[in-house]
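Notes to accompany the following structure.
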Amino acid sequence: MRTSRIATLAATAALVGLPLAAGPAIANAQDGGELTAELSQLNDSGASGTAWAMVDGNQVEISLETEGLLDGAPHAQHIHIGGQNMCPANDQEGNGFEGALQTSDGADEYGAIAVSLTKEPGMTGAEHGLDVDNFPAEASYTYSRTIEVSEEVAQQIAAGDGVVVVHGVDHDGSGKYDGDTKSDLDPALPSEATDPAACGELNAAQMSMPHGGVETGGTSTAGIEYPTALAFGTLALGLGGLGLFAARRRATK
Ligand SMILES: [Cu+2]
């Protein structure tokens, strides 16, 4: 009887400790931590990828690796912010070709374009979201750029509100962007050119950026924040246990 009660108390205290343990890590990301995103396919595109981002003031250093995209066609790519700051499901249907998800169909999930991930010399504002001459145009590519954004956008990305979306899907397998459905972003383009192909939510890093300051900033920050989180969790567990024991003692008296 006594043993099972103690076991229950410990389990309850552990539950109480969990949300507290997550706190310090989130606060740390807002101070300019590292973020990562695993990109997975939308529209059954077969595309995938990984993104890393580091926010420092109003500078965002971002790297992106993709694969499985249509080769030889430009892939508009952006950081979206807004909506629920998340990705739609791969099987989510929209208003496009045979129910394909068009860019605006996912706005409730990933919001609007906040940063255009163009290559030099392309501009990076939201209004340059369809600068097709300056986007990567390979099936698999590596992209890296440090971009100046507004303070608000920097804070939103650091807080985990950014969603990386790569566009361009060859729905009919013709090997190029074509078809009668027009883009919801620009009716001069086929919808295939702008439909979302892959999406990933930028969250506090689970792995390090493959280049640039990996051994210094990223690793040491992670080394500090994790024990802090553990300490908070242990403290919460201890306090939770004490509180419950005190309540039990009062109840027995
Ligand atoms: Cu986009």
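If you count by mature numbering (1 follows the signal peptide of the UniProt record, and there is no 0), then the sequence shown holds residues -29 to -1, 1 to 224, one letter each, in order. Cβ atoms here follow ideal geometry from the backbone N, Cα and C, with glycine treated the same way. As the structure is a computational prediction, the values presented were derived from the model and not from experiment.
Check the C-beta distance from residue i over to residue j and give it rounded, since I have them as a contact under 8 angstroms.
i, j, result
"T163", "H142", "Note that residue 163 is Glu in the sequence shown, not Thr. The pair is a contact, with the Cβ atoms about 6 angstroms apart (cut-off 8 angstroms)."
"G171", "I50", "That pair is no contact at about 10 angstroms."
"A22", "L41", "Incorrect: roughly 19 angstroms between the Cβ atoms, too far for contact."
"A169", "T37", "7 angstroms"
"A71", "D149", "Not really, about 14 angstroms apart at Cβ, beyond 8 angstroms."
"N105", "T117", "Incorrect: roughly 16 angstroms between the Cβ atoms, too far for contact."
"T152", "P158", "In fact, because the Cβ distance is near 10 angstroms, the residues do not count as touching under 8 angstroms."
Flag residue i as yes when its Cβ comes closer than 7 angstroms to any non-hydrogen atom of ligand 1, and as no otherwise.
i, result
"V136", "yes"
"I33", "no"
"H51", "yes"
"A175", "no"
"G100", "yes"
"I128", "no"
"I118", "no"
"A164", "no"
"T152", "no"
"A22", "no"
"A47", "yes"
"T113", "no"
"T95", "no"
"T74", "yes"
Quickly, what does DSSP pair residue i with across the bridge? List them, please.
i, result
"V86", "I50"
"I33", "A24, R116"
"V136", "H49, C170"
"residue 234", "Nothing about residue 234 can be read from this structure; the chain reaches only from -29 to 224."
"E5", "M25"
"A175", "L6"
"E80", "None; E80 has no bridge partner."
"Q12", "A169"
"S19", "E38"
Going by other Cβ atoms of all chains shown within 10 Å of its Cβ, with 16 needed for buried, is residue i buried or exposed?
i, result
"E80", "buried"
"G194", "In this prediction, G194 has a pLDDT of 37, which is less than 50 and means its spatial position is unreliable; what the coordinates show is noted afterwards. That one is exposed."
"S145", "exposed"
"N66", "exposed"
"S16", "buried"
"Q73", "buried"
"P45", "buried"
"I84", "buried"
"A202", "Residue confidence for A202 is low, a pLDDT of 37 falling below 50, so the modelled location carries little weight and cannot support an answer."
"T95", "buried"
"A24", "buried"
"D27", "exposed"
"P92", "exposed"
"I33", "buried"
"Q55", "exposed"
"A60", "exposed"
Short check: CB of residue i to CB of residue j, under 8 angstroms?
i, j, result
"G4", "A129", "yes"
"G43", "G82", "no"
"S13", "G20", "A small fix is needed here, since residue 13 is Leu in this sequence, not Ser. No, the Cβ-Cβ distance between L13 and G20 is not below 8 angstroms."
"D102", "S87", "yes"
"A125", "N29", "yes"
"H138", "Q48", "yes"
"V140", "A8", "no"
Determine, using beta carbons only, whether residue i comes closer than 8 angstroms to chain C.
i, result
"A60", "Chain labels in this structure do not include chain C; a single protein chain is all it has."
State yes or no: is the C-beta of residue i nearer than 7 angstroms to some heavy atom of ligand 2?
i, result
"G133", "Ligand 2 is not part of this structure, which contains only ligand 1."
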